[in-house]
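Participant: Just passing along the structure, written as structure tokens.
Chains as they are written, first to last, in my numbering: chain A, 6 to 117; chain B, 26 to 145.
This is how it looks when you write it as structure tokens:
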């Protein structure tokens, strides 16, 4: 059971918009800790996609955006492309845990 | 170019030990927190351990506390993970990850991973 809750899977057709939610609690996202998003393409290492709730590292297309509100965060992908098919993970920090770096369970994005 | 490169994975018997290394280059290693994150086959990401830039503070997931030791040698730009009393549940790809420039707890660069298999 992950501290951050993500839907196991989402799907969309090319060109469409999809969103992935990340639900936490008052001891992590709701406490003001930043949420980061990682993309893991098949058979590769994770890569930072969004940091600090809504910031894109250099090289990440602006089709990817994210936001945070209350105890939740969400990742949006517009203009879906086949190469976006991957696993997506949210990550934050939890002040109530002795091991405070926490991940969501991951969401598999399928491009139909 | 920033790079972190893990090594030391392999097959180990239950109860055995293994030491992973992560060689860093392309950034000032001694200025950044570093972490280990693992991924069991077919599963999601699990944070394992982190260490402050100086090495003075270390943090562990409950699942590895007392069995794993994270350390770093800033003179060699290398991060380590000593893993003892290994069980099948420790089988995973282990990633080395660099902390953020702005200090928030997270990971801005990842290595390619090294596979640890615990089996008899």
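Each residue gets a CB set at the ideal place from its N, CA and C atoms; glycine is no exception.
Taking the DSSP output, what are the residues bridged to residue 4 of chain A?
Facilitator: Look at the range of chain A in this structure, 6 to 117, and you will see that residue 4 of chain A is not part of it.
Participant: Between A/56, A/43, A/57, which lies nearest to residue 71 of chain B when the distance is taken from Cα to Cα?
Facilitator: To locate residue 71 of chain B, count along the second chain from 1; it is residue 46. Among A/56, A/43, A/57, the Cα nearest to that of residue 71 of chain B belongs to A/43.
Participant: Run through chain A and tell me which residues come within less than 9 Å of residue 144 of chain B, C-beta to C-beta.
Facilitator: In the second chain, residue 144 of chain B corresponds to position 119, counting from 1. Under the 9 Å cutoff, chain A gives no residues; its nearest Cβ is about 22 Å from residue 144 of chain B.
Participant: What's the gap between the Cα of residue 16 of chain A and the Cα of residue 86 of chain A?
Facilitator: Mapped onto the first chain, residue 16 of chain A falls at position 11. Mapped onto the first chain, residue 86 of chain A falls at position 81. Near 11 Å, if we compare the C-alpha coordinates of residue 86 of chain A and residue 16 of chain A.
Participant: When the Cα atoms are used, what is the spatial distance from residue 114 of chain A to residue 20 of chain A?
Facilitator: Position 109 of the first chain holds residue 114 of chain A. Position 15 of the first chain holds residue 20 of chain A. Distance between the alpha carbons of residue 114 of chain A and residue 20 of chain A is about 14 Å.
Participant: With distances taken between CB atoms, is the gap from residue 83 of chain A to residue 22 of chain A smaller than 7 Å?
Facilitator: Working through the first chain from its first residue, we reach residue 83 of chain A at position 78. Working through the first chain from its first residue, we reach residue 22 of chain A at position 17. A contact, by the Cβ cut-off of 7 Å.
Participant: Find out if the Cβ-Cβ distance for the pair residue 111 of chain B, residue 33 of chain B is shorter than 7 Å.
Facilitator: Mapped onto the second chain, residue 111 of chain B falls at position 86. Mapped onto the second chain, residue 33 of chain B falls at position 8. No, these two residues do not count as a Cβ contact at 7 Å.
Participant: Any contact of the segment 32 to 51 of chain A with the segment 62 to 81 of chain A, i.e. 3+ C-beta pairs under 8 Å?
Facilitator: Touching, yes, given that three or more Cβ pairs across the two stretches are closer than 8 Å.
Participant: Spatial neighbours of residue 78 of chain B within its chain, please: C-beta separation below 7 Å, excluding the five flanking residues on both sides.
Facilitator: Translated into positions along the second chain, residue 78 of chain B becomes position 53. Once the five neighbours on either side are set aside, the close Cβ partners of residue 78 of chain B are 55, 56, 57, 58.
Participant: Does DSSP put residue 126 of chain B in a helix, in a strand, or in coil?
Facilitator: Position 101 of the second chain, counted from the start, is the residue given in the question as residue 126 of chain B. It is coil, neither helix nor strand.
Participant: Excluding the 5 residues preceding and the 5 following residue 109 of chain A in the sequence, name in chain order all residues of the same chain whose CB lies nearer than 6 Å to its CB.
Facilitator: As a first step, residue 109 of chain A must be located in the first chain, where it is residue number 104. Cβ neighbours of residue 109 of chain A beyond the five flanking positions: 7, 9, 11, 27, 94, 95.
Participant: Span of the beta strand (DSSP E) holding residue 83 of chain B?
Facilitator: Indexing the second chain from 1 puts residue 83 of chain B at position 58. 83 to 85 is the span of the beta strand (DSSP E), which, as asked, contains residue 83 of chain B.
Participant: With DSSP collapsed to three states, give me the class of residue 115 of chain B.
Facilitator: One-based indexing of the second chain puts residue 115 of chain B at position 90. Note: residue 115 of chain B maps to helix in three-state DSSP.
Participant: For residue 50 of chain B, count the other beta carbons within 10 Å of its own beta carbon; 16 or more makes it buried, fewer makes it exposed. Which is it?
Facilitator: Looking up residue 50 of chain B in the second chain gives position 25. Exposed, because fewer than 16 other Cβ atoms sit within 10 Å of the Cβ of residue 50 of chain B.
Participant: With a CB to CB cut of under 6 Å and the five nearest residues on each side skipped, what residues in its chain are close to residue 92 of chain B?
Facilitator: Taking the second chain and counting its residues from 1, the one referred to as residue 92 of chain B is at position 67. Around residue 92 of chain B: 109, 110.
Participant: Near residue 131 of chain B, which residues of its chain fall below 8 Å by C-beta distance, leaving aside the five closest residues on each side in sequence?
Facilitator: Reading the second chain from its first residue, position 106 is the one you call residue 131 of chain B. The residues are 124, 125.
Participant: May I ask which residues mark the beginning and end of the beta strand (DSSP E) holding residue 37 of chain A?
Facilitator: Here the question's residue 37 of chain A lines up with position 32 in the first chain. Residue 37 of chain A -> no beta strand (DSSP E), and no H or E assigned at all.
Participant: Could you pull out every unbroken beta strand (DSSP E) segment of at least 3 residues lying fully inside the segment 56 to 81 of chain B, listed in chain order?
Facilitator: DSSP runs (the beta strand (DSSP E)) wholly in the segment 56 to 81 of chain B: 59 to 64, 70 to 76.
Participant: Could you check if residue 106 of chain B is buried or exposed, using at least 16 other CB atoms within 10 Å of its CB as the buried criterion?
Facilitator: Position 81 of the second chain, counted from the start, is the residue given in the question as residue 106 of chain B. Answer is buried; the Cβ neighbour count reaches 16.
Participant: Looking at the strands, I want to know which residues DSSP matches up with residue 23 of chain A.
Facilitator: Residue numbering aside, residue 23 of chain A sits at position 18 when the first chain is read from its first letter. DSSP lists A/82 as partners of residue 23 of chain A.
Participant: At a Cβ cut of 7 Å, what residues of the segment 13 to 42 of chain A count as close to chain B, listed as they run along the chain?
Facilitator: So the close ones are 39, 41.
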